[in-house]
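**Q**
Residue numbers (the UniProt record's numbering): 1 to 311.
1. Name the one or two DSSP bridge partners that residue 199 has.
2. Okay, do the stretch 62-77 and the stretch 20-35 touch, 3+ Cβ pairs below 8 angstroms being the bar?
3. Out of 27, 51 and 73, which has the shortest C-alpha to C-alpha gap to residue 82?
4. Take the Cβ of residue 3 as the centre, count every other Cβ of all protein chains shown within 10 Å, and call the residue buried at 16 or more, exposed below.
5. Where does residue 251 fall in DSSP's three states?
6. So for residue 332, helix, strand or coil by DSSP?
7. Extract the residue ranges of the alpha helix (DSSP H) inside the UniProt domain "DAGKc" (14-143), only unbroken runs of 4 or more that lie entirely within it.
8. What residue from 223, 219 and 265 has the CA that sits closest to residue 230's CA?
9. Note down, in chain order, each residue of its chain lying with its Cβ closer than 6 angstroms to the Cβ of residue 136, except the 5 sequence neighbours on either side.
10. Which two residues bound the contiguous beta strand (DSSP E) that contains residue 277?
11. Tell me the rounded alpha-carbon separation between residue 282 and residue 85.
12. Determine the contact status of residue 210 and residue 87, defining contact as a CB-CB distance below 8 angstroms.
13. I'd like to check one pair, residue 277 with residue 150: are the Cβ atoms closer than 8 angstroms?
14. Is it the case that the Cβ atoms of residue 68 and residue 99 are separated by a distance below 8 angstroms?
15. Within a Cβ cutoff of 7 angstroms, which residues of the same chain sit near residue 227, ignoring the five residues on either side of it in sequence?
16. Could you give the distance in angstroms between the alpha-carbon of residue 140 and the alpha-carbon of residue 207?
17. In chain order, what residues of the same chain lie with their CB nearer than 7 angstroms to the CB of residue 55, ignoring the 5 residues before and after it?
18. Since residue 285 contacts residue 204 with CB under 8 angstroms, what's their CB separation in whole angstroms?
19. Does DSSP classify residue 2 as helix, strand or coil?
20. Which of the three DSSP states is assigned to residue 154 in this structure?
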C-alpha cells in the first residue's frame with residue numbers, strides 16, 4: 001500500500017474534503033448531536049462518501065469496514081473512547097486519517113490529542129488542522145488508543161450506571177469506584193521493562209498510551225506520541241490510600257511530571273499479577289494477565305490541531 005506523506009495527506013483533506021462519517025447514535029450524546037454533525041460537515045463543504053449511524057454497537061466493526069471501503073481520505077468518528085478505540089484499530093497502518101468527534105463521557109482520547117471538546121471546534125480541526133501519526137498501544141493482541149487498566153476499574157466498567165454518567169459525567173467513575181472498594185481485594189503486580197522487574201501491591205494499576213484517564217491528566221509530560229507506555233498505580237494495597245488518591249485525582253489531578261510520581265515507563269512491558277487479572281482495554285473487558293503490552297510508534301494517523309507536537 002502506498003502511503004502519502006503527512007503533508008500531502010493534510011493538503012488533500014483540506015482541498016478534496018472527502019470523508020466518511022460514523023456516529024454512535026446508541027449513546028445519548030451521539031443521538032442528540034447526529035444531525036448537527038452532518039450539518040456542520042456540509043457547511044464546511046465536505047463530500048461525504050458515506051454516512052453511517054450506529055444503532056447496534058455489536059455491528060460497529062462491520063460498519064467501520066464499510067465506511068472505509070468507500071475510499072475516504074478522512075474517517076470521521078463520533079462517540080466515546082470505546083467507539084474511538086475500535087476506529088483506531090481499523091485505520092492503523094492505512095492511508096486514511098481518523099477525525100475525532102468527542103461525544104463520550106470522559107473523552108480521554110480527544111483530550112490526549114489536544115482537540116476542542118465542542119463539535120464546531122472539533123470539526124474545525126478537519127479543515128484547519130494537520131495529519132499527525134501517533135502511537136498505537138497493543139495489549140496482548142488487542143490494539144488500544146488510550147489505556148489498559150487492572151483492578152477496581154474493571155468492576156467499575158461493568159457497574160457504572162448509564163444514567164449516572166449522563167447526570168454526573170466523568171465524576172460517575174470515582175463515585176462508582178468508592179462503592180466497590182470496600183469489598184475489593186488488593187493484588188500484586190510485577191512489571192518487567194528492559195530486564196528490570198518492578199513489584200507493587202495495589203487495588204488499581206493503569207498502563208497508559210494517552211495523556212488522560214477518567215478525563216483528568218495523568219501528568220503534564222505524558223504524551224500519546226512519545227513511543228512509551230506509562231504504568232502507574234493509584235494508592236497502595238490499603239483501601240483508604242486508594243480512596244484518598246481517587247478523590248485527589250478526581251478533583252485536582254496529582255502529578256505534574258513523570259519524575260514526580262510512581263511511574264514505570266517503556267516501549268514494551270511484561271505484566272504479571274497474583275492473582276491473574278482481567279484487563280479493561282479502553283472500556284472493553286478483554287484478556288487476562290500475564291500480558292505483554294507495547295507501543296507501535298506512529299501507528300495511527302489522526303487529524304489534530306496545528307499546535308499538536310508531532311514527533
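Glycine is no exception: its CB is placed at the ideal position from the N, C-alpha and C atoms. Source: prediction; values computed, not measured.
**A** Answer, in terms of the structure:
1. 190
2. yes
3. If we check each option's Cα against that of residue 82, 27 comes out closest.
4. exposed
5. Interpretation of residue 251 is limited by its pLDDT of 46, a score under 50 that renders its predicted location unreliable; the figure taken from the coordinates is listed afterwards. Helix.
6. Since the displayed the chain opens at 1 and closes at 311, residue 332 lies outside it and no answer follows.
7. 28-43, 60-69, 81-91, 108-112 and 119-128
8. Answer by Cα proximity: 265.
9. 92, 143, 296, 299 and 300
10. Counting along the chain, no beta strand (DSSP E) covers residue 277, and no H or E run does either.
11. 7 angstroms
12. no
13. yes
14. no
15. Counting only Cβ-Cβ distances below 7 angstroms, and skipping sequence neighbours, we find 135, 267, 295 and 297.
16. 13 angstroms
17. Answer for residue 55: 25 and 26, listed in chain order.
18. Not quite, the Cβ-Cβ distance comes to about 15 angstroms (not below 8 angstroms), so this is no contact.
19. coil
20. helix
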